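Engineer: Here's a structure for you.
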Amino acid sequence: PFWATHNEPFIQTFYGYGNGLYAPGRRNPWAVLAVGHHLLLSHGLAVEAFRAANLPGAQIGIVLIIWPHHSASLHPADLRAARRTDGAMQRIFLDPLFRGEYPADMLRHFGRRLMRPPVRPGDLAIISRPIDFVGVNTYSRLVQAADWRDPLAGARQVPPTGPTTAMGWEIYPECIVEALQKVREYTPLPLYITENGAAFDDTLGPDGKVDDTARVAYLHAHIAAARRAISHGIDLRGYFVWTLLDNFEWSHGTTKRFGLFYTDYPTQRRIWKRSAEFFRAVIARNGL
């Protein structure tokens, strides 16, 4: 069996306490690094307890949200903005987990805002306890431009110009390869795509079917990207679609449908979508 200590600690940290978009809805930038640090510390303590339990064949890891951060232009200010957002979203977790330290550039950046993680002696040794795998959640990329009105990273996301999902996320299959390569810079551990998928405005047709061809195309392109990552030498062991059935999506509630199965909320019926048939065939073939 596989165990993960946390799923997407960035979300709880920055969305729960930074901008307040998700529970618990706090807007206190000065609490952000303390929250993130204690999530990481709880991860390390959980790993210690897990090892002490001596569970035969069991593996433990952590699931991180990893999206490529691209610069909106080659202007130095935009390049630095993309580096900062990558640091705030990803390196602020990856570095302590796998290098036993916080990234120096992000400590300087946050320090100018009187923000520092409350590190005590021994904390980073606990946080960086060896684990067995890393789960990677990735859906798209983020294009960043400098904007110092943003109190956390001094950056703003540039809206995508190409096709998007119902979440407004750019359809960018290469996110799979780039996200896995990002983690590979830190560790040779086995990797799993623990979340990848898309929300679309699915509707139940008069024939009682859901013909979600856009999701089928999305999944095909991203699974093909996973195959490319393997061909590049990345130790990718598995790919999990988000998600099995339409569900309650954070603050979006039931308005965003990510499922392979359509949930008819008034009746609670579950109905196969075309994407479910597609993915069943992928599983049967163990590939495209």
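Numbers 19 to 306, taken from the working numbering, label the letters of the sequence shown in order. Beta carbons: idealized from backbone N, C-alpha and C, even for Gly. Keep in mind that this is a model prediction, so the values were computed, not measured.
(1) Looking at the unbroken alpha helix (DSSP H) that takes in Leu-306, where does it start and where does it end?
(2) Roughly how far, in whole angstroms, is the beta-carbon of His-127 from the beta-carbon of Thr-103, given that I think they are within contact range, below 8 Å?
(3) Using a threshold of 8 Å, state whether the C-beta atoms of Trp-85 and Thr-23 are closer than that.
(4) Would you say the region 233–245 touches the region 187–196, given that touching needs at least three Cβ pairs under 8 Å?
(5) Could you give the residue range of the alpha helix (DSSP H) that holds Gln-199?
(6) With Ala-197 and Val-228 assumed to form a contact (beta carbons below 8 Å), what rounded beta-carbon distance in angstroms separates them?
(7) For Ala-294, collect the residues of the same chain with a Cβ closer than 7 Å to its Cβ; drop the 5 residues on either side in sequence, then sort them by chain order.
(8) With burial defined as no fewer than 16 other Cβ atoms inside 10 Å of the residue's Cβ, what is the status of Phe-151: buried or exposed?
(9) Which whole-angstrom value is the C-beta distance of Ala-163 and Arg-174, which I expect to be below 8 Å?
(10) Excluding sequence positions up to five away, which residues of its chain have a Cβ less than 6 Å from the Cβ of Ile-301?
(11) Should Phe-28 go down as buried or exposed, given a rule of 16 or more other Cβ atoms within 10 Å for buried?
(12) Please go through the same chain and pick out, in chain order, the residues whose beta-carbon is closer than 7 Å to the beta-carbon of Val-137, but skip the five residues on each side of it.
(13) Cα separation between Leu-39 and Trp-268?
(14) Take Ala-242 as the anchor and find which of Thr-261, Gly-305, Thr-273 has the nearest alpha-carbon.
(15) Does the beta-carbon distance from Trp-260 to Gly-215 come in below 8 Å?
(16) What number of angstroms, rounded off, separates the C-alpha of Val-53 from the C-alpha of Asn-25?
(17) Identify which residue in Asp-220, Arg-131, Tyr-33, Pro-114 has its Cα closest to the Cα of Gly-140.
(18) From this set, Ala-232, Trp-290, Gly-118, His-93, which residue's C-alpha is nearest Asp-225's C-alpha?
(19) Could you tell me the alpha carbon to alpha carbon distance between Thr-204 and Thr-231, rounded to whole angstroms?
(20) On a Cα-Cα basis, can you pick out the residue from Asn-37, Ala-71, Phe-116 that is closest to Val-201?
(21) Excluding the 5 residues flanking Arg-246 on each side, which residues of the same chain have their C-beta closer than 7 Å to its C-beta?
(22) Do Thr-212 and Phe-258 have their C-beta atoms closer together than 8 Å?
(23) Given a cut-off of 8 Å, decide if Ile-252 and Ile-149 are closer than it, judged by their beta-carbon atoms.
(24) Going by the beta-carbon positions, is the gap between Met-124 and Arg-109 smaller than 8 Å?
(25) What's the C-alpha gap between Gly-34 and Arg-130?
(26) Should Pro-177 go down as buried or exposed, given a rule of 16 or more other Cβ atoms within 10 Å for buried?
(27) Classify Leu-254 as helix, strand or coil using the three-state DSSP reduction.
Structural biologist: Judging by the given coordinates:
(1) Counting along the chain, no alpha helix (DSSP H) covers Leu-306, and no H or E run does either.
(2) Not confirmed; about 11 Å, so no contact.
(3) no
(4) yes
(5) 193–202
(6) Contact doesn't hold; Cβ gap of about 28 Å is too wide.
(7) Leu-278, Phe-279
(8) buried
(9) 6 Å
(10) Within the same chain, Ile-301 has no close Cβ partners at all.
(11) Using a 10 angstroms sphere on the CB of Phe-28, the tally of other CB atoms reaches 16 or more, which defines it as buried.
(12) Excluding residues within five positions, the ones whose Cβ falls inside 7 Å are His-55.
(13) 9 Å
(14) Gly-305
(15) yes
(16) 14 Å
(17) Pro-114
(18) Trp-290
(19) The sequence shown places Tyr at residue 204, rather than the Thr named in the question. Spanning the two alpha carbons is a distance of roughly 36 Å.
(20) Shortest Cα-Cα distance from Val-201 to any of Asn-37, Ala-71, Phe-116 involves Phe-116.
(21) Val-195
(22) yes
(23) Against a cut-off of 8 Å, the Cβ pair of Ile-252 and Ile-149 comes out as no contact.
(24) yes
(25) 22 Å
(26) exposed
(27) strand
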